[in-house]
Each structure stands twice: as structure tokens, then as C-alpha cells.
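2 protein chains.
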Amino acid sequence: MQMADLARLAGVSTSTVSRALSGSALINEETRERIQALARQFNYTINSVATNLRSGVKRTIAVVVPYEMASRQSFADPFLHGIIGSLADALTERGYEMLLSRMDADRLDMAAALIDGGRAAGLILIGQWRHHDQLNAMAERGLPMVVWGARLPHQNYCIVGGDNVLGGRLVAEHLLAQGRRRMVFLGDAGLPEVAQRYRGFAQCLRKNALPLLEQQRAAASFLADSGRKAMLALIDANPTLDAVFASSDLLAMAAIGALRERGRRIPADVAVVGYDDVELAAYFNPPITTVRQPIHEAGGRLVETLLSLIKGQSLPVSAPLETQLIVRESSQATAAY
Amino acid sequence: MQMADLARLAGVSTSTVSRALSGSALINEETRERIQALARQFNYTINSVATNLRSGVKRTIAVVVPYEMASRQSFADPFLHGIIGSLADALTERGYEMLLSRMDADRLDMAAALIDGGRAAGLILIGQWRHHDQLNAMAERGLPMVVWGARLPHQNYCIVGGDNVLGGRLVAEHLLAQGRRRMVFLGDAGLPEVAQRYRGFAQCLRKNALPLLEQQRAAASFLADSGRKAMLALIDANPTLDAVFASSDLLAMAAIGALRERGRRIPADVAVVGYDDVELAAYFNPPITTVRQPIHEAGGRLVETLLSLIKGQSLPVSAPLETQLIVRESSQATAAY
DNA sequence: GACTTTAATGCAATCGATTGCAATTTGCGC
DNA sequence: GCGCAAATTGCAATCGATTGCATTAAAGTC
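Protein chains in written order, with the numbering used here: chain A, 1 to 337; chain B, 1001 to 1337.
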């Protein structure tokens, strides 16, 4: 069923049908009601593909989740899901549709094709990975895009994210206050966000004369199993460690598993702190101390920023989102101290 | 940049450009290469919106996640994310794009608008909730759709899912073999999938002369907090319980938290079994015994079924996916027995 | 009653591509 | 050198909607 059919049924032209359904003032109220009734009766829905071809207005936003070919599992991180959910909400609220793509992080230019090809009005990329330059190049081409990640020098693209340096510092201060002294860091510092968390963490320790050595830091992707292995290596290299800062809650959970394998009690022997405050962090055993990133606000902010970029305002700058330490059991000082 | 511009640059008509880019045989090889080079140089990407308006072939599939207005958090379940990720993969592999929508479960007919409006070629609905009749009505209108959920009587729509009755039975047999006798069920039996898990579970217990009473069953949505509260109520109503079957891993995690609040040890005092085998189940403390649903295969199966439905074969019927008990620590018999 | 407004509707061009058919060019046979 | 087939290319209609402008009908004015 298309507009022409409906027009025939109603005995009018397609112009009239179009006006009846679009809320134009140039139409008789009775005619409008008659046509709308017919449309309902025959389940007619306006073809939005044709509509936005003609009108040029697109109401679709592409959300791109880059993954590294090697480990296509980036999708496993619950934080990522939280963001996607909040984006879905934020877009729906504003009357936009969401096109979700996973994409090889080395071929991010394919995301550009979604814009060039008219599929979407704008791009939201989740995670900048190691592709700062590629993102800059895309932005310079004038693609309407916003990235979830970390603010970096020489950054020509819009970014939305938390204050990772602050987050790292909050964790260090907290662990110091709990009396911990032999801390290790778990996470892949090749990723800008993680690097900043590490920087905030290490700076604060250094100020307190507690430098972090290279062997007190292990790379681990966002994958649970790689987190477990990296943690085991850290334990073996630093058998006396008394605290772990993991760069995501998922890694924190994996780390707790690994620590238990090696007979450490949490938090009595080792304190563990995560990052993100995913829902399950509070239900884990023990509940995990973590740095909260306001997931729901994140979606809204990403969408708002992108839409104002599309509307053509000058490059919107988004202040870092609120970043806050949530203290739970996994890092509390206990009777053991 | 659009095709006409490129045609002008190349000094040919748009017909020729179109043929050059689409791999038609009706074109000189040199011309094709010249045009393709120009296209690359100017970042020209064919406008797929216009293309499928003209050709009528759509390469977009809508994935709809219904949620209940009351608790818009259905999105929090990690199993759901697993399915979405596997759908994204399955669709990408086959050259389709994925339109993701959350939708009020009471207004599922809005999903129909995605098809009627030409946005998508087909519909994948995740979870049937309490809306069997609505889904039947949609299918009868001839909408190309596939639902993840449970097979029910009088079902006119395509369904893909695991064997929930079997899953429930496997859990019961396992717990009986572990010597557990006072079991409770945690989950909202108003949902068909959960109801079937309960049925398999209860039937097997009955066969062993261990009926489940009403107060040994508590409704709990897919939300962690509601799971915790329901579990607390179950404990109070059945202080001597020695096993819990939760209808999802998320609920199992919440249940474990609640049991600990009441001083129960897992699995020494109470065995806990979940459902789904989400990635974190293995990393939880203790690792959770659960019924595996093959998430990755699920996405592939949903997509295959939908595509063959679209191609117009008669209603494809999909056998239940493999359903398998994964035994981990949370339900092992221990020294306490 | 002729003339101007105003309201409602239809005509036809347009969005950016694809494709059947016609037109042109080239090559080949004799 | 003519005729015909094959190889390329262009023209114009088409997909399903929207919208500026023209048209028609009804109402209001003097």
C-alpha cells in the first residue's frame, strides 16, 4: 500500500494525501479526517525512505562500535552495553532512529560511508581505541561525528567522556587512605582513556613517594580472560601486592577471580577497585569499589552534542561528565589492618 | 557529491556512472576504471537510500527490544546484550544493516510501522513477553518477522529459542543428584520462556515426589534489585531452603547477594543455578552453574530464519537450539553434605 | 452581478539513483 | 564501400514521497 493507492481510495490526489498526513494547514479538516481514517484502516504508513530522499532531512544516527579484529569481543563489556542502551533511549526520545554497526577498528573510514551514502545524518563512535589520527582525518572531512573517549592534544573531533585523570587520582587517594602501599595497575594503557586513568593514578602515587614500576602494570584488553591472565602475571611479579586498580569493572571481576585462585582474600589481603560502575558491580561478591561514569547522562550528552554539530553550530565542546568514586567492600580496610 | 556531479567530472551520463560502479557488463573497462578512480578520489559513495528506493531491495533489518514501561531496564540483562552482539555480527556478515529500537511492549504495533514505512525488510523481536496475541496478529498481517522466545500453542509467528522445558529439567536433575531437596524457583513465570523453565523443573521434582509449593516460587523481573528482594522474601518464607533455580544468570547473581545477606554460604548451605551462561557467570564468585544458551548461534539462526522468510519460503520452522547444563561451583555438593 | 479574496485541491518537478530501450560508434565480412 | 552485429553510451521513465505554483470553487464586497 502506498500513497497513490490511498489517494485512489479517497478519490483525491497524492498531494492531498500528503498534506492530510503531514499536518499541513492547506487542507480541509473533513478531508484530513477522512484520509487519516482510511490510512489507519489499511495500515498505511508513510514511507520514510522516500520522504527523506525528497526532503533531504534524515532522522537516523549511526552508532559505530569499533572492535579490534584480533578480539572481536569488545562487545562483551557491560559498560559498552550500558552506553548503547542509553543512546537508544536518548535517540528515541528525540525522534531519531539508531543504526548500529560493529566495525573493524582499522577500517573506520567505512563509517564515513554511512554518511556519504546518505544512510545517516551523523555518527557516534564508541571508543577511540588507537585511532586518534584516523578520527582526526574523518573530522577534517567535515563528517558530523562525536566520539566517546578521552580528550587528547591536537583533537579536531568532538569528544564526550568522563574525567579519566581525576578518576585515576580518586582511586589512588582512596587506596592510600585505606593504608594500601603496594599497588598494581591492570589495563591496556595503549588506549587513551586507560592511559589517562593510569596517569592520574600514578601521578598521585608519585606525589606520595610510591612510584609504580613497569612490572606493576599489565596490559589487558577488555576481555575477561585476558584480564585473568594478566592479573596472574602481576601477582607472580609482585607477590606482596595489596591493591589492584583495574581499568574497568569487567577487569576488576576477572582480577578478583585470579586473586582468589592464588589464595588472596578480597579485601583483607588485596583491595580491588574497578572503573565504570556497571550495574553488576554492586552485586558482585564482594561489591566492587569503582569510579562511576554516568552512563545514562552519557547517551544524552553524546546525542545532544551530535545534533548541535549537525545543526551547524561551531564545534560544540562538552565538559567532562561527572566522575565520582563509589566505595564498596572490595577496597575497604578490614580487621586485617 | 552525488552521481550527477561525478558524471559531469567524468564527462559521461549518470547511466554510465551507475554502470561503472555497479559492476554492469554493459560498459567499457577503461571507462569503468576511470570513473572508479574519480569516485575514490572524491570520496563518492553511492547513496543507498536512493538506490533501494529505486530498486525496492532493502538491506536493513530492524531489531526490536521490547521493554515494559514500568521498568525500562530490560536492557540491563547481559544475555540480551549477547544476543544483540551476535545479531550485529550475523547481519554484518550477510551484508545487512541493523536498525536497533527499544519499544514499549504494549505498543508493539509500532514495530510494524518500520516495515510498512519501508525502513526495514524484516523484523527481529527479542522476547515475546506477555504479548503472544499481539505477535500473532502482526504475523497474520504478513509482516516478515522472527521472535526470540518460546514455542507456544497457536503460534503463527516464527520463533527461535532454546528448549526451556529441557533446561528446567536438567537443573532439577542436577540439583537432585547433588542431594538437594528443598528447592525454590526465582523468576517471573508470567513470561513464556520462564514458565517453560519452571514447568520442566517442577515436573521433574514432582516425579521425584518433591512438589514445589506456591511460596517456593517468587516473581522477579529481569532486574537485579527486584531479584534481590524476591530472594529475600523466599528465604523468609522457606528458611530451610537448600537450592535456588533462578531463571537468568542476572537473577542468580542477585540471589547470591541476597543469600549472603542472610548469612547463607554458597554452595555449602544453598546451591544456586542460573540460566543463559552469560560470560560473567564463569567469573562470578562462586562461578555459577547455569544452562547454556548458545548465544552466537542464536544470532545466526534468527537472521537465517528471517531471511528465508523474506525470500518467501513457507514459514520456516527452527528446531530448538542446543540447551546444555554447565556445572560450576555454585551448585556443587560440598563437605557440608 | 462583476470582482476580489480565501480556501482547497491538483499538476508537475524534484530528491538520487537504476534500467529498458534507442542511438551511436566500431569492427568485421564479403 | 555497404550492411549487419556487437559494444558502448545516453535518454527518459521510474521508485514514493513533497511542495511551489496554477487552478478551481466558494465566499465576501460594493
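Backbone N, C-alpha and C define an ideal beta-carbon position, used for all residues, glycine too.
Taking the beta strand (DSSP E) that residue i falls in, what are its first and last residues?
i: PRO66 (chain A); result: 60-67
i: LEU114 (chain A); result: It is not in any beta strand (DSSP E) - LEU114 (chain A) instead sits in the alpha helix (DSSP H) that spans 109-116.
i: PHE1245 (chain B); result: 1243-1246
i: LEU1123 (chain B); result: 1122-1126
i: ALA150 (chain A); result: Neither: ALA150 (chain A) is in no beta strand (DSSP E) and is coded neither H nor E.
i: ASP1104 (chain B); result: 1097-1104
i: VAL1291 (chain B); result: 1289-1292
i: VAL160 (chain A); result: 158-160
Between residue i and chain B, is the shortest Cβ-Cβ distance under 8 Å, so that the two count as touching?
i: TYR283 (chain A); result: yes
i: GLU279 (chain A); result: yes
i: GLU322 (chain A); result: no
i: ARG265 (chain A); result: no
i: GLU97 (chain A); result: yes
i: ALA335 (chain A); result: Note that ALA335 (chain A) scores a pLDDT of 42, beneath 50, so its modelled location is shaky; the value from the coordinates is reported in the next line. Answer no: the Cβ-Cβ gap between ALA335 (chain A) and chain B never drops below 8 Å.
i: GLY257 (chain A); result: yes
i: PRO211 (chain A); result: no
i: ALA88 (chain A); result: yes
i: PRO144 (chain A); result: no
i: ARG217 (chain A); result: no
i: ALA7 (chain A); result: no
I want to see whether chain A comes within less than 8 Å of residue i, judged by CB atoms only; does it?
i: THR1092 (chain B); result: yes
i: HIS1081 (chain B); result: yes
i: PRO1316 (chain B); result: no
i: PHE1302 (chain B); result: Here residue 1302 (chain B) is Leu; the residue named in the question, Phe, does not match the sequence. With 8 Å as the cut-off, LEU1302 (chain B) does not count as an interface residue toward chain A.
i: ARG1180 (chain B); result: no
i: ALA1004 (chain B); result: no
i: ALA1271 (chain B); result: no
i: SER1330 (chain B); result: no
i: ARG1019 (chain B); result: no
i: ALA1230 (chain B); result: no
i: ALA1076 (chain B); result: yes
i: ARG1260 (chain B); result: yes
i: ASP1276 (chain B); result: no
i: GLY1117 (chain B); result: yes
When DSSP labels each residue in this structure, what does residue i get in the three-state scheme?
i: GLY312 (chain A); result: coil
i: TYR337 (chain A); result: Reliability of the predicted coordinates at TYR337 (chain A) is poor, the pLDDT of 41 falling under 50, and no value is obtained from them.
i: THR1045 (chain B); result: coil
i: THR31 (chain A); result: helix
i: ALA1230 (chain B); result: helix
i: LEU259 (chain A); result: helix
i: ARG119 (chain A); result: coil
i: LEU1321 (chain B); result: strand
i: ALA25 (chain A); result: coil
i: VAL303 (chain A); result: helix
i: ALA1219 (chain B); result: coil
So residue i is in the alpha helix (DSSP H); what residue range does that whole segment cover?
i: THR1240 (chain B); result: Element bounds for THR1240 (chain B): n/a, residue is neither H nor E.
i: LEU6 (chain A); result: 3-10
i: GLY84 (chain A); result: Here the sequence assigns Ile to residue 84 (chain A), which means Gly is not the residue at that position. Here the alpha helix (DSSP H) through ILE84 (chain A) covers 78-93.
i: GLN324 (chain A); result: First-last for GLN324 (chain A): 324-326, but that is the beta strand (DSSP E), not the alpha helix (DSSP H).
i: ASP133 (chain A); result: 132-140
i: ALA1271 (chain B); result: From DSSP, ALA1271 (chain B) is part of no alpha helix (DSSP H) but of the beta strand (DSSP E) over 1271-1276.
i: ARG1265 (chain B); result: It is not in any alpha helix (DSSP H) - ARG1265 (chain B) carries neither H nor E in the DSSP assignment.
i: VAL17 (chain A); result: 14-22
Residues of the region 29-53 of chain A in Cβ contact with chain B at a cutoff of 9 Å, in chain order, please.
ASN43, TYR44, THR45, ILE46, ASN47, SER48, VAL49, ALA50, THR51, ASN52, LEU53
Note down, one range per segment and in chain order, each beta strand (DSSP E) of at least 3 residues found wholly within the region 163-206 of chain A.
183-186
Mind checking the region 233-255 of chain A against chain B and listing, in chain order, the residues whose C-beta falls within less than 9 Å of any C-beta there?
LEU250, MET253, ALA254
Contact list for the region 98-113 of chain A against chain B, Cβ threshold 8 Å:
MET98, LEU99, LEU100, SER101, ARG102, ALA112, ALA113
For the region 139-165 of chain A, which residues have a beta carbon sitting closer than 8 Å to at least one beta carbon of chain B?
ARG141
Taking any Cβ of chain A, which residues in the region 1119-1139 of chain B have a Cβ under 7 Å from it, in chain order?
ARG1119
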